[in-house]
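Numbering (the numbering used here), first residue to last: 2 to 234. These notes are about the structure you will find just below.
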Ligand code: CUA
């Protein structure tokens, strides 16, 4: 449904999250329309009539209370459906950290008001001299598992990648690890989604999802070792 609204789904869990949104939208929408319908029907059905005295209803009779308790219980059942659907997806996205031998680890550092993305160089490892640090530009590979390590230099930020349906707060003093597997190539938005000072709105970045070959080429061109040897030449 969200894809219909123009936002592509570009991670393995995006469709699952969209499904939870759709369940909530339909359940809440159904009760909203029904409640408003009954509400307006009652207003018009029992509007003021000349010569008819308004009834004073205290709502203490069982037959009157049922107007509250019956819908209330049905809504609680709907809540259970929503909670069960949401917990399954939450576990998948937030509690579980899948492992694969060729996973890529990217460090994401937030500060007022920019993102720094540290990508592994050709050796595939972080914290080695060939790492590739980019400001406001994250590069990942489609169909490959990525772990991200979120760090903040100052205040709380939030790392949001709408096409992944991914959002995670960034807390100073902590390293928060999460994961995603991109499923579509292209360039998409990253946005800070936690008010982090006057420059909060100036904290957008881009995520570039490439095929394996394109990504390998980007890594070879941009690793600090490659850049340094090009400068020496
Ligand atoms: Cu960083 Cu808002």
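Glycine is no exception: its CB is placed at the ideal position from the N, C-alpha and C atoms. Please read these numbers as outputs of a predicted model, since none were measured by experiment.
Whole angstroms is fine: what's the gap from residue i's alpha carbon to residue j's?
{"i": "residue 74", "j": "residue 46", "result": "26 Å"}
{"i": "residue 103", "j": "residue 172", "result": "28 Å"}
{"i": "residue 240", "j": "residue 185", "result": "Lying outside 2 to 234, the shown extent of the chain, residue 240 is not represented and no answer is given."}
{"i": "residue 110", "j": "residue 63", "result": "59 Å"}
{"i": "residue 54", "j": "residue 69", "result": "25 Å"}
{"i": "residue 80", "j": "residue 162", "result": "27 Å"}
{"i": "residue 7", "j": "residue 105", "result": "29 Å"}
{"i": "residue 19", "j": "residue 78", "result": "21 Å"}
{"i": "residue 95", "j": "residue 170", "result": "12 Å"}
{"i": "residue 183", "j": "residue 213", "result": "12 Å"}
{"i": "residue 34", "j": "residue 10", "result": "29 Å"}
{"i": "residue 60", "j": "residue 67", "result": "9 Å"}
{"i": "residue 176", "j": "residue 30", "result": "39 Å"}
{"i": "residue 144", "j": "residue 98", "result": "16 Å"}
{"i": "residue 128", "j": "residue 17", "result": "34 Å"}
When you compare each of the options to residue i by their alpha carbons, which one comes out closest?
{"i": "residue 1", "options": "98, 141 and 103", "result": "Only positions 2 to 234 of the chain appear in the structure, and residue 1 is not among them; the question remains open."}
{"i": "residue 201", "options": "159, 184, 177 and 180", "result": "159"}
{"i": "residue 22", "options": "90, 125, 44 and 151", "result": "90"}
{"i": "residue 168", "options": "176, 181 and 88", "result": "181"}
{"i": "residue 116", "options": "210, 221 and 194", "result": "194"}
{"i": "residue 114", "options": "151, 11, 156 and 36", "result": "156"}
{"i": "residue 197", "options": "154, 217 and 166", "result": "154"}
Since residue i and residue j should fall inside the 8 Å C-beta cutoff, what is the C-beta to C-beta distance between them, to a whole number of angstroms?
{"i": "residue 179", "j": "residue 149", "result": "6 Å"}
{"i": "residue 247", "j": "residue 174", "result": "No statement about residue 247 is possible, as the shown extent of the chain runs from 2 to 234 and does not include it."}
{"i": "residue 208", "j": "residue 139", "result": "5 Å"}
{"i": "residue 82", "j": "residue 24", "result": "7 Å"}
Spatial neighbours of residue i within its chain, please: C-beta separation below 6 Å, excluding the five flanking residues on both sides.
{"i": "residue 206", "result": "116, 137 and 191"}
Short of 7 Å in beta carbon distance, which residues of its chain neighbour residue i, apart from the five on each side in sequence? Order them along the chain.
{"i": "residue 58", "result": "65"}
{"i": "residue 123", "result": "131, 220, 221 and 224"}
Using a Cβ-Cβ cut-off of 8 Å (strictly less than) and excluding sequence neighbours within five positions of residue i, which residues of its own chain qualify?
{"i": "residue 203", "result": "114"}
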